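Residue numbers for the sequence shown follow the UniProt record's numbering, so the first one is 2 and each next one is one higher.
All residues carry an ideal CB built from backbone N, CA and C; glycine is no exception.
None of these values were measured; they are calculated from a predicted model.
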Amino acid sequence: PFVVTENCIKCKYTDCVEVCPVDCFHEGPNFLVIDPDECIDCTLCEPECPVNAIYPEDDVPAGQEQFVQINAELAKGWPVITVRKDPPPDAKDWEGKTDKLPLLEK
Ligand code: SF4
Ligand code: F3S
Numbered sequence: 002p003f004v005v006t007e008n009c010i011k012c013k014y015t016d017c018v019e020v021c022p023v024d025c026f027h028e029g030p031n032f033l034v035i036d037p038d039e040c041i042d043c044t045l046c047e048p049e050c051p052v053n054a055i056y057p058e059d060d061v062p063a064g065q066e067q068f069v070q071i072n073a074e075l076a077k078g079w080p081v082i083t084v085r086k087d088p089p090p091d092a093k094d095w096e097g098k099t100d101k102l103p104l105l106e107k
């Protein structure tokens, strides 16, 4: 499956959700995750993310391996999102920032 990683935290542009043919994106307060049990590896979402937060599970950036488990766990409790919405007003300020994991709201 594909995995949403750290760059999405507090950016949450949601461009990714509309292309998913199996509606496997789930929405939290400031982050999105992919349900690994539903993702069919179609690859369509990966180029949609303006901050390149989406990777195949086997290609997650070094140091971000924990996001594989984070996607799997949070997808169980968060609602599905299929329609794009406005990003947070300060999304641009958070693009490319590192160490955002402590800011992930659950
Ligand atoms: Fe959805 Fe395809 Fe992305 Fe998987 S790879 S989350 S099926 S758009
Ligand atoms: Fe996040 Fe990128 Fe989607 S910022 S919400 S993974 S378009």
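Relative to ligand 2, the beta carbon of Leu75 is positioned no closer than 7 Å to any heavy atom. A residue is called buried once 16 or more other Cβ atoms fall within 10 Å of its Cβ, and Ile82 is buried on that count. Apart from the 5 residues on each side of it in sequence, Lys86 sits with its Cβ closer than 8 Å to the Cβ of Thr15 in its chain, given in chain order. Taking the Cβ of Thr15 as the reference point, at least one heavy atom of ligand 2 falls within a distance shorter than 7 Å.
With respect to the C-alpha of Lys101, the residue from Cys43, Phe68, His27 and Glu74 having the closest C-alpha is Phe68. Taking C-beta atoms as the reference points, Val84 and Glu39 fail to come closer than 8 Å. In this chain, the beta strand (DSSP E) harbouring Ile35 covers Leu33 to Ile35.
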